[in-house]
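*Asks:* Using the numbering used here, you'd call the opening residue of the first sequence number 643 and step up by one each time. Heads up, the beta-carbon is just placed ideally off N, CA and C, and yes, glycines get one too. Have a look at the structure that comes next, please.
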Amino acid sequence: MGTDALTQGLNAEQARAVVTLDGPLLILAGAGSGKTRVLTRRIAKLLERGTVGGGAFAPWLRPWNVLAVTFTNKAAEEMRRRVEELVGESARQVWVSTFHSTCVRVLRQDIEPLGWRRDFVIYDDDDQLRVIKAVLEELKINVKELAPNAVRGRIDRFKNGISAGEVLPRADPFPRILELYEARLKKANALDFNDLINKVVQLWTEQPAILARWQERWKYVMVDEYQDTNPAQYSFLKLLTAESRNLAVVGDDDQSIYRFRGADLRNILEFESDFPGAAVIKLEQNYRSKGNILKAAAGVVRNNKARKDKTLRTDAEDGEPVQLVLADDETAEADDVVNRMIRMRRPWSEYAVIYRTNAQSRQVEQALTRNRIPYTLVGGRKFYDRMEIKDILAYLRLVNNRDDDVALLRIVNVPTRGLGDKAIAGLKLEATTHGISLRAAARTLGGTAGRAGTGFATFTLLMDRLERAAELQPLPELVQYVAEESGYLAMLLADEDEEAKSRVENVNELVKSAAAALDEPDDDGNLVGPGPMALRHFLDRATLSGQSDELPGEGNGSVTLLTAHLAKGLEFPVVFVIGLVEKCFPHARAELEEDIEEERRLAYVAFTRARERLFVTAPRRRRSLDGWFDDTVLSRFIAEIPEAALAGFDRDHGNMPRARPGFGAGSLGGFGAGAARGTPALPPSRGSAPFSPSRFSPNAAPKPVVAPARANVRPPGLRTMVPDNLDRFTVGAEVLHPMLGTGTIQQRDGTPANPRLTIHFASGGPRTVYAVTASLELVIRP
DNA sequence: GGCCTAGCGATTTTT
DNA sequence: TCGCTAGGCC
Ligand SMILES: Nc1ncnc2c1ncn2[C@@H]1O[C@H](COP(=O)(O)OP(=O)(O)OP(=O)(O)O)[C@@H](O)[C@H]1O
């Protein structure tokens, strides 16, 4: 691999970045300009420089002297893959990882001076919540007065240094809560996610000798998506590279989307003054997307006021315009997306569906499942968040760390051992009085008589057995042993439920994933056998990684489903960005102008993932929190797309044509007046699929399967009319609803223009609907 | 102690 | 709609 090989296929600026190996370097550039490509080549270049021949490395530059950090697991995985492609085997020894994993690596080795043991556990948000609830209980604060979730948010913001300026209640209990929270974590030998970075910064600040060792190890540091660093991460980098000054960062201020967890744009904007003498390289050529996609994305992000304008051009042709697709509701939207995939006849892996919130994946998953199309759901932490998985892991955590009170409380009575609230209260009392862990208190109480005593004795003996097993058995066997010996598996097997069966499956998956964890070498490239190291490594992985690595049905032949946040840095030939309606994207919680601008950047990120084709879709109505349908308003971001780059958009009609009473909405709901004026990009997808299944594509599903049309609720022979005036919907009137059938209006409130009706339906009970949107008809009785 | 249910409240993005 | 909690009942 010669010098030329690594700069081949790069433009002049990119090549310059790849060969600028020493000193601070900032690559500031727009989406798809090859930033990540440059970073991976640069890693390869460093390895090449360190090679002295015959696969050996010079002592002053070995693969493990290189550190590359990303923000998400997905991004780390992707970068690792690319580096490995370039340099092969030795890539394994380069540390390519998230900030959080990197910090765990440091703390597992050096945390002791801070007062934690090296076998510390990481508390995820669920554990955090349990601690907070316990603290609130201790302080006799009702969870109704102060939501544990709110407390967690505040703790996180506080630890991220973004709590300044928050409006504080008088007699604020927060400082006390925080104090007790921290004490509990410390006592349990635990750290939360935020601590991981903060503690490393503290450690390195207080212990120069330890810092020096890490500086010696990581002589070359690279950061992808630098615009998303928060103050703690900034300090981490600043400390680590203080001696070597070999810090290369790449980023794009338009893609800053983690303000909510403290990301500070100033980090990237002030890089040059922070690191004097920094080389600055700007990349202005986009290699990813067709012209129209780029124009659309640029047109949107241009609306941000707090923004530095930058150049981004492409040599690619315009390609198809971005296609706007409107659908009746989220189910129809998902069906539409899937139908288009089928029609395009590309390999499934070329499609990605990108959404704002995780919950939106469900409709798409269902549509894909109906059509037997394989898909991969990225993130959402689905696997390790399952109850049964967390339970088994809690046993393992308690084996790893006897002080993990949260883990103990989770499983001490699962399966039941006759230890109810009273017994647990006694256990806590015993522990507090003697200043010992719950595990130790259980042992003491195990020596007492009575039902609780027996329960604690059983539990203690069980945990002792599990601890012994942990020393002798390899990890997968240990996991299996825990599931069996604890009675957990037996409990599941005794349950006839379908759900219990799938839980058994998941426990088996966990055993497999333990085996997979063993195959992974540890930090220093050694394979680990039985004992605490393997267990810790496994537990870290479970907490830090978004998902189990290979869930069944995965592979490269599947459609990818992910949030816009997780999509950052990735690319796909065809992208569907769904749910482009106000309150969803931009999200309802984004109120301030700054928040809206971040949403806009998020849209920019989502749009720029597409290489060839971009679809933006929106449902006309959406289920709201109380389960009823709300009409939607098309996302403002759609109107910001330049006209010439967008198809399917009718600027004159407020963009969201919908049914209105008096215009003859059909009895199956669906398209109303505006649709007749030709606005929607598509015929309604429901019911009448306008194309035939492919006979050519090996990928095509036999026939698009859409969500079943709703049952026809209209009783035969019923006479109805669509009233010309909303005033006709009076209390006592009988109406026909397209989904719920006939009913009688019980109550009318809201405004005259937008009356809200409480209707008692024959099909079951009262529902509240808006007359304007419900497509109601008046029943005429002779 | 353990199970069931009525009532209530929430409601992004990630590690 | 969903998930959690408090409270009631066996
Ligand atoms: N000089 C080049 N010639 C051809 N293709 C290139 C060149 N540089 C990058 N590419 C391609 O352009 C695409 C985008 O590159 P990359 O993912 O590195 O961009 P990026 O700047 O990191 O994007 P983003 O900020 O959106 O994550 C990739 O498919 C990459 O292979």
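Gln-965: buried (16+ other C-beta within 10 angstroms of its C-beta) or exposed?
*Replies:* As a working note, residue 965 is residue 323 in the first sequence. Its Cβ being crowded by 16 or more others within 10 Å, Gln-965 is buried.
*Asks:* Which residue marks the beginning of the alpha helix (DSSP H) containing Pro-873, and which one marks its end?
*Replies:* If you number the first sequence from 1, residue 873 lands on position 231. 873-882 is the span of the alpha helix (DSSP H), which, as asked, contains Pro-873.
*Asks:* Roughly how many whole angstroms lie between the Cα atoms of Leu-853 and Phe-1291?
*Replies:* Here residue 853 corresponds to residue number 211 of the first sequence, with the count starting at 1. Here residue 1291 corresponds to residue number 649 of the first sequence, with the count starting at 1. Rounded to whole angstroms, Leu-853 to Phe-1291 spans 57 Å at the Cα level.
*Asks:* May I ask you to report which of helix, strand or coil DSSP gives Phe-741?
*Replies:* As a working note, residue 741 is residue 99 in the first sequence. Three-state DSSP puts Phe-741 in a helix.
*Asks:* Mind checking Lys-782: buried by the 16 CB within 10 Å criterion, or exposed?
*Replies:* Looking up residue 782 in the first sequence gives position 140. It is exposed - the Cβ of Lys-782 has fewer than 16 other Cβ atoms within 10 Å.
*Asks:* Thinking C-alpha only, which one of Arg-658, Thr-1086, Ser-886 is nearest Pro-859?
*Replies:* Locating residue 859 in the first sequence gives position 217, counting from the first residue. Note that residue 859 is Arg in the sequence shown here, rather than Pro. The residue with the shortest Cα to Cα distance from Arg-859 is Ser-886.
*Asks:* List the residues that DSSP assigns as beta-bridge partners of Tyr-993.
*Replies:* To locate residue 993, count along the first sequence from 1; it is residue 351. Paired residue(s): Val-1216.
*Asks:* Relative to the C-alpha of Leu-1420, which residue among Leu-1399, Leu-1378, Gly-1383 is closest?
*Replies:* Within the first sequence, numbered from 1, the residue matching residue 1420 stands at position 778. Residue Leu-1378 is the option with its Cα nearest to Leu-1420.
*Asks:* Heavy atom of ligand 1 less than 7 Å from the Cβ of Ser-898, yes or no?
*Replies:* Here residue 898 is taken as the residue at index 256 of the first sequence, counted from 1. Flag unset: Cβ of Ser-898 not near ligand 1.
*Asks:* What residue range does the alpha helix (DSSP H) around Thr-1058 cover?
*Replies:* Position 416 of the first sequence holds residue 1058. Counting along the chain, Thr-1058 falls outside any alpha helix (DSSP H), and DSSP gives it neither H nor E.
*Asks:* Looking only at DSSP bridge pairs, what is Asp-1391 linked to?
*Replies:* Here residue 1391 is taken as the residue at index 749 of the first sequence, counted from 1. In the DSSP output, where bridge partners are listed per residue, Asp-1391 has Arg-1398.
*Asks:* Give me the Cα-Cα distance between Ser-1144 and Tyr-1026, rounded to the nearest whole angstrom.
*Replies:* Counting from one through the first sequence, the residue named residue 1144 turns up at place 502. Counting from one through the first sequence, the residue named residue 1026 turns up at place 384. Approximately 14 Å, taken between the alpha carbons.
*Asks:* By the DSSP assignment, the beta strand (DSSP E) with Val-1377 in it spans what residues?
*Replies:* Taking the first sequence and counting its residues from 1, the one referred to as residue 1377 is at position 735. Note, Val-1377: beta strand (DSSP E), 1376-1379.
*Asks:* Under 8 Å by Cβ, that's how I've got Leu-833 and Tyr-765 pegged, so tell me the actual separation to the nearest angstrom.
*Replies:* Indexing the first sequence from 1 puts residue 833 at position 191. Indexing the first sequence from 1 puts residue 765 at position 123. The Cβ separation is near 7 Å, so the contact holds.
*Asks:* May I ask you to check if the CB of Glu-1213 is nearer than 7 Å to at least one heavy atom of ligand 1?
*Replies:* For the purposes of this step, residue 1213 is taken as the residue at position 571 of the first sequence. Within the cutoff, so yes.
*Asks:* Could you tell me if Arg-1183 is buried or exposed, where buried requires 16 or more neighbouring beta carbons within 10 angstroms of its beta carbon?
*Replies:* Within the first sequence, the letter at position 541 stands for residue 1183. Under this definition Arg-1183 is a buried residue.
*Asks:* Excluding sequence positions up to five away, which residues of its chain have a Cβ less than 7 Å from the Cβ of Glu-1254?
*Replies:* Counting from one through the first sequence, the residue named residue 1254 turns up at place 612. Once the five neighbours on either side are set aside, the close Cβ partners of Glu-1254 are Lys-932, Gly-961, Pro-1215, Val-1216.
*Asks:* Would you say the beta carbon of Arg-1390 comes nearer than 7 Å to a heavy atom of ligand 1?
*Replies:* Looking up residue 1390 in the first sequence gives position 748. Every heavy atom of ligand 1 is 7 Å or more from the Cβ of Arg-1390, so no.
*Asks:* Tell me which same chain residues have a C-beta within less than 8 Å of the C-beta of Leu-652, skipping the five on either side of it?
*Replies:* To locate residue 652, count along the first sequence from 1; it is residue 10. Here the set comprises Val-660, Gly-676, Arg-679, Val-680, Arg-683.
*Asks:* Contact between the segment 1218-1226 and the segment 857-873 is defined here as three or more beta-carbon pairs at a separation below 8 Å; is this criterion met?
*Replies:* No, the segment 1218-1226 is not in contact with the segment 857-873.
*Asks:* When you compare only the Cα positions, how much space is there between Gly-1304 and Phe-1371?
*Replies:* In the first sequence, counting from the first residue as 1, residue 1304 sits at position 662. In the first sequence, counting from the first residue as 1, residue 1371 sits at position 729. Confidence is the limiting factor: at Gly-1304 the pLDDT is only 28, short of 50, which leaves the residue's position unreliable and the question unanswerable from this model.
*Asks:* What three-state label does DSSP hand Lys-829 in the structure shown?
*Replies:* Looking up residue 829 in the first sequence gives position 187. Note: Lys-829 maps to helix in three-state DSSP.
*Asks:* Three or more C-beta pairs under 8 Å: does that hold for the segment 969-977 against the segment 1259-1269?
*Replies:* Output reads yes: the segment 1259-1269 touches the segment 969-977.
*Asks:* Less than 7 Å between the CB of Leu-652 and some heavy atom of ligand 1, yes or no?
*Replies:* Here residue 652 is taken as the residue at index 10 of the first sequence, counted from 1. The answer is yes for Leu-652.
*Asks:* Taking the Cβ atom as the reference point for each residue, do Leu-889 and Ser-898 lie within a distance shorter than 8 Å?
*Replies:* Here residue 889 refers to the residue found at position 247 of the first sequence. Here residue 898 refers to the residue found at position 256 of the first sequence. No, Cβ-Cβ distance for Leu-889 and Ser-898 is not below 8 Å.
*Asks:* From what residue to what residue does the beta strand (DSSP E) around Thr-999 run?
*Replies:* Mapped onto the first sequence, residue 999 falls at position 357. Neither: Thr-999 is in no beta strand (DSSP E) and is coded neither H nor E.
*Asks:* Let me check you understand the geometry: is the CB of Arg-679 closer than 7 Å to at least one non-hydrogen atom of ligand 1?
*Replies:* Position 37 of the first sequence, counted from the start, is the residue given in the question as residue 679. Indeed, a heavy atom of ligand 1 lies less than 7 Å from the Cβ.
*Asks:* May I ask you to verify whether the segment 1036-1055 touches the segment 765-778, counting CB pairs closer than 8 Å and requiring at least 3?
*Replies:* Counting Cβ pairs under 8 Å, three or more are found: they touch.
*Asks:* Could you give the DSSP three-state label for Gln-927: helix, strand or coil?
*Replies:* The count along the first sequence starts at 1 and reaches residue 927 at position 285. Strand at Gln-927.
*Asks:* I'd like to know whether the C-beta atoms of Phe-1227 and Arg-998 end up nearer to each other than 8 Å.
*Replies:* Indexing the first sequence from 1 puts residue 1227 at position 585. Indexing the first sequence from 1 puts residue 998 at position 356. Against a cut-off of 8 Å, the Cβ pair of Arg-998 and Phe-1227 comes out as a contact.
*Asks:* Check whether the Cβ atoms of Gln-869 and Gly-904 sit closer than 8 Å, and answer yes or no.
*Replies:* In the first sequence, residue 869 corresponds to position 227, counting from 1. In the first sequence, residue 904 corresponds to position 262, counting from 1. No, these two residues do not count as a Cβ contact at 8 Å.
*Asks:* Is the beta carbon of Gly-674 sitting closer than 8 Å to the one on Asn-928?
*Replies:* Locating residue 674 in the first sequence gives position 32, where the first residue counts as 1. Locating residue 928 in the first sequence gives position 286, where the first residue counts as 1. Contact: yes.
*Asks:* For Ile-669, does the three-state DSSP call read helix, strand or coil?
*Replies:* Here the question's residue 669 lines up with position 27 in the first sequence. Correct three-state label for Ile-669: strand.
*Asks:* Run through DSSP, which three-state label would Tyr-862 get?
*Replies:* Taking the first sequence and counting its residues from 1, one reaches residue 862 at position 220. Strand, per DSSP.
*Asks:* Tyr-1026 by DSSP, collapsed to three states: which one?
*Replies:* Residue 1026 sits at position 384 when you count from the first residue of the first sequence. DSSP places Tyr-1026 in coil when its eight states are reduced to three.
*Asks:* For Leu-1276, which residues does DSSP report across the bridge?
*Replies:* What you label residue 1276 is simply residue 634 of the first sequence in a count that begins at 1. DSSP lists Val-1223 as partners of Leu-1276.
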